[in-house]
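> Sharing a structure here in structure tokens format.
Protein chains in written order, with the numbering used here: chain C, 758 to 1073; chain P, 4 to 274; chain V, 42 to 463.
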């Protein structure tokens, strides 16, 4: 059975005055229907770029290679208009800061009407409002908010409305790019609970892009750890957390400060510059377990262990 | 942009070397009035028999001088007021904005005419009249930029560190709003050429007789059919100088913008 | 007895909301944002005191007030025994050599048009170099200044100092910038440093480094920290004492160990529970408070947390607004909304203090009264027991509550809690 979404050798680089910046390097991922993939990594690792690359929402100076296959169809073959229709209808995306994604001059109901009509011009205004009310109920937002402007609403409410806008056409995949990073911890937990219930109700797959390992542990079925544009490790959540294999994953998990933390740990060094070509493993400079081969040879992904974990590391 | 700079420099050079390169004295009748271009008179003569080319060369001096003084005045007056107004805010700001907006609302040339009519002739006076027209532009742009920079954490941090206000404005705010200035300056200069020409055309600028492109047009435009060259060439040069200055302004804008854009690339790649 | 380094007594900071001229004419007095609404705490010297809460709780306002960027509306701030609540310009200048702030976003805290060396030099130029006797030496020459800045850079681990002096902020990494910010502040040799979310914007893999750095500095220079954060996990590691804030008030305060071992206030418990645990084998269903933090202009009556509290009592401060919120939430379900349509819609209800009222133009007020009573008894929870009466007045139905019990801080098992449960 084909996966819902598959990327094959997806690479994204940006043309800058100083040369090409390779944000995503040869990433191959799979997301199955109705499951959640947590794409986790720190700032600069390329996870947001990857999310946008799937929907072709990248700036002009971006160069994409490799393919994105959704429901068996190669998205790079789609004409622009079909891609636009796909966005929102089949694949929806929510972002970190809902305030900048909502038009401050438009009432909430107009946002809904516009979105509905963009994909389905046959729907009339009343019909659109009815549909809006229905999805708003699903995200627990009272329908009187329809008559308000975005700035009149709280952050949590705006994020729920963003989610509601995504649900309008019952997309098969939701890409959530740091959806709760700007929110406080209780609100974050609420939104996540909401997403969980919606996922089940709508049978929706979710690509959760975040730097928060806790969220991924709570929410995701599969986890992919990204570093400097590559997938360092990928596999089912429970085994990955129980026994991380890639040194970066190990370091990352060690450095999380939670309520049980007794000692502090940081991964030494800092992430590499993505400008220009690189040789060998990108984590070489910071890796406690590095070997000579790691400096010059790029570690291809290999399958390790019973749970068939994908690890890009020469240790295996 | 470089073309613009080159042209402006060329005209400045021309003005400075006038005594050496002008073939004739601009204020003396050297031939029959309204002689067509040709021979010793490359651009012909005007209705008073003066050599147009010489008047063009000498006539560059006045506009250049006036623009230089006028734009400097606008900057020297508009910048500090804008800084203060944006930083201090409150009632002072509200009053100043009201005043500046009122001045801004006037069509530039009209305002310059009114001021010039009131304060009389002379190079310094016209410069001031022109400066008044552009002070609101400096004020506005600087004030708005300052008002937004003021919200930035580094300004607050500077205050928390106990920097006296003067220092905060001078070392923390001003350097960060300075990038808007060169662009306004050049666009301002371009526009002043036209305003100056307009003023002298209407006879409000200088004592008659001093060569000036706008003034020359006023002398000769009624005789356009008979001696088009006497009107055409001054007009052409006004156009060239204005356009050149505009190129400089736009070019500066393009240069300064990529500096900002470069930072955007960096952060996008890091996302 | 060691005197507390900093003592804050009943601090209130209110911000007026500027209404338009016409709005003011039409009445509705001047509303205020009650950012800090009666906060008291004290920090002994050498401690790391944490101020924990979500955005809007007032912690950042307290930070700004302590460094003189915001004026207190009332209350008292005592530093080293002296009252510094309303310092004049000179006193403020001197005070800033004692109390300083490290910002959350190190990039934004540095002027992009200045090299980092200059940024630090500027501080030294303005305040002079602190020396042993406490007297400050004015630095004269550029060389002296440069040397002093190099010393600061050494101190914060920016080596080699000459390399960093001429760098602009955008040429440095997040961690380096944070060190510059710390150095700039340390140049003054303050006694108290307010650290406003110092690691929130740093990646997880380097947060520990920054925290260790801050603790090192503390040991080396005998500092006291007021550590402001929304991250209870970081606070647990770093803080000796903490205060949990909600909507302008402190709800629980005491030694960190005591509170984390046994959190008493329902809000503290909710915060702890909400933290995502990076261990998929310990997933649990969470009981989260409903709704969001309300705005600080019209805070809830009684205990501010009562509308969201899973453990609320009838005496916690129920008022008219809570009825409306209940109805709104209840009628998210279309069936209930349809069935109970006679009592709705929500817009027709008005709240006025302890009373919620609905005018009944058409239909039978008595029927509405009965309907509302039924709704409140079924779905109201502790709210239902706080009702004084549901009555019909003219052509309206009014629900009135009993006034809440007085609420104040109480000492419970080694810490202070402000909650009627105790």
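Glycine residues also receive a C-beta, built at the ideal position from the N, C-alpha and C atoms.
Residues of chain V with CB under 7 angstroms from residue 883/C, in chain order?
Near residue 883/C there are no residues of chain V at all, since even the closest Cβ is about 16 angstroms away, more than 7 angstroms.
> Taking Cβ positions only, does residue 966/C come closer than 8 angstroms to chain V?
Cβ-Cβ to chain V under 8 angstroms: no for residue 966/C.
> Output yes if chain V places a C-beta closer than 8 angstroms to the C-beta of residue 1041/C; else output no.
No, residue 1041/C does not count as interfacial toward chain V.
> Verify whether the separation of the beta carbon atoms of residue 345/V and residue 331/V is less than 8 angstroms.
Cβ distance not < 8 angstroms, so residue 345/V and residue 331/V don't count as in contact.
> Against chain C, does residue 45/V count as a neighbour if the rule is that its beta carbon must be under 8 angstroms from one of theirs?
No, no contact with chain C.
> With DSSP as the reference, label residue 274/P as helix, strand or coil.
Note on residue 274/P: pLDDT 33, under 50, position unreliable in the model; the coordinate value appears next. If DSSP states are grouped into helix, strand and coil, residue 274/P belongs with coil.
> Taking contact to mean 3 or more Cβ pairs, one atom from each stretch, closer than 8 angstroms, check whether the stretch 245-252 of chain P and the stretch 6-24 of chain P are in contact.
Segments in contact, yes.
> Any beta-carbon of chain C closer than 8 angstroms to the one on residue 244/V?
Closer than 8 angstroms: yes.
> Please name the residue, chosen from 255/P, 47/P, 135/P and 244/P, that lies closest to residue 12/P on a Cα-to-Cα basis.
Among 255/P, 47/P, 135/P and 244/P, the Cα nearest to that of residue 12/P belongs to 244/P.
> Specify, as a first and last residue, the run of the beta strand (DSSP E) that residue 988/C falls within.
Segment 987-993, the beta strand (DSSP E) holding residue 988/C.
> Rounding to the nearest angstrom, what Cα-Cα distance links residue 460/V and residue 859/C in this structure?
So the two alpha carbons sit approximately 39 angstroms from each other.
> Which value, in whole angstroms, describes the spacing of the CA atoms of residue 201/P and residue 229/P?
If you take the alpha carbons of residue 201/P and residue 229/P, they lie about 23 angstroms apart.
> If the criterion is Cβ atoms closer than 8 angstroms, does the pair residue 1041/C and residue 802/C meet it?
Cβ atoms of residue 1041/C and residue 802/C: not closer than 8 angstroms.
> I need the straight-line Cα distance from residue 265/P to residue 815/C, nearest angstrom please.
At residue 265/P the pLDDT is 49, less than 50, meaning the model places this residue with poor confidence; the figure from the coordinates comes in the next sentence. Taking the straight line from one Cα to the other gives about 17 angstroms.
> On a Cα-Cα basis, can you pick out the residue from 828/C, 771/C, 812/C and 774/C that is closest to residue 790/C?
Of the listed residues, the one whose Cα sits closest to residue 790/C is 828/C.
> Between the stretch 259-284 of chain V and chain C, which residues of the former have CB atoms less than 8 angstroms from a CB of the latter, in chain order?
Flagged, chain order: 271, 272, 273, 274, 275, 277 and 278.
> Compute the Euclidean distance between the alpha carbons of residue 769/C and residue 241/P, then round it to the nearest angstrom.
Answer to the nearest angstrom: the Cα atoms are 51 angstroms apart.
> Hey, residue 243/V and residue 279/V: beta-carbon distance below 8 angstroms or not?
For residue 243/V and residue 279/V, no; Cβs fall outside 8 angstroms.
> With a Cβ-Cβ cutoff of 8 angstroms, do residue 318/V and residue 273/V count as a contact?
Not in contact: residue 318/V and residue 273/V (Cβ atoms no closer than 8 angstroms).
> Just how far apart, CA to CA, sit residue 1137/C and residue 912/C?
Nothing about residue 1137/C can be reported from this structure: the residues present for chain C run from 758 to 1073 only.
> Run through DSSP, which three-state label would residue 806/C get?
Reduced to three states, the DSSP call for residue 806/C is helix.
> Taking buried to mean at least 16 other C-beta atoms within 10 Å of its own C-beta, is residue 408/V buried or exposed?
Looking at its Cβ environment, which holds fewer than 16 other Cβ atoms inside 10 Å, residue 408/V is exposed.
> Quick check for students: name the residue ranges of the alpha helix (DSSP H) that lie wholly in the stretch 43-125 of chain P, counting only runs of 4 or more.
As far as the stretch 43-125 of chain P is concerned, its whole alpha helix (DSSP H) runs of at least 4 residues are 55-62, 64-91, 93-108 and 111-122.
> Within 10 angstroms of its Cβ, does residue 168/V collect 16 or more other Cβ (buried), or is it exposed?
Per the 10 Å Cβ criterion, buried.
> Can you list the residues of chain P that residue 167/V reaches, using a CB-CB cut of under 8 angstroms?
Ordered by position in chain P, the residues that pass the 8 angstroms Cβ test against residue 167/V are 164, 165, 166, 167 and 170.
> Along chain V, which residues have their Cβ under 7 angstroms away from the Cβ of residue 137/P?
Those within 7 angstroms of residue 137/P in chain V number zero; the least Cβ separation is about 25 angstroms.
> Count the other C-beta atoms from every protein chain shown that fall within 10 angstroms of the C-beta of residue 128/P, then say buried if there are 16 or more, exposed otherwise.
With 16 or more Cβ atoms within 10 Å of its Cβ, residue 128/P is classed as buried.
> Taking only three categories from DSSP, how would you classify residue 881/C?
Three-state DSSP puts residue 881/C in coil, outside helix and strand.
> Identify each residue in the stretch 357-382 of chain V for which the Cβ-Cβ distance to at least one residue of chain C is less than 9 angstroms, and report them in chain order.
Those would be 369, 370, 372, 373, 374 and 375, in chain order.
> Spatial neighbours of residue 262/V within its chain, please: CB distance less than 8 angstroms, with the 5 preceding and 5 following residues excluded, ordered by chain position.
Answer for residue 262/V: 227 and 230, listed in chain order.
> Counting only beta-carbon separations shorter than 8 angstroms, does residue 178/P have a partner in chain V?
Closer than 8 angstroms to some Cβ of chain V, the Cβ of residue 178/P qualifies, so yes.
> Under a three-way DSSP split, which group does residue 457/V fall into?
In this structure, residue 457/V counts as strand in the three-state DSSP scheme.
> Among 1069/C, 977/C and 902/C, which has the Cα closest to the Cα of residue 1061/C?
Measuring from the Cα of residue 1061/C, the nearest candidate turns out to be 1069/C.
> By the 7 angstroms beta-carbon criterion, what residues does the stretch 131-161 of chain P contribute toward chain V?
Flagged, chain order: 155, 156, 157, 159 and 160.
> Give me the Cβ distance between residue 771/C and residue 818/C, rounded to the nearest whole Å; I'm assuming they're in contact under 8 angstroms.
At roughly 5 angstroms, the Cβ-Cβ gap stays under 8 angstroms, so residue 771/C and residue 818/C are in contact.
> Can you name the residues of chain C whose CB is closer than 9 angstroms to the CB of residue 318/V?
Per Cβ cutoff of 9 angstroms: 971, 974, 975, 1015, 1016 and 1017.
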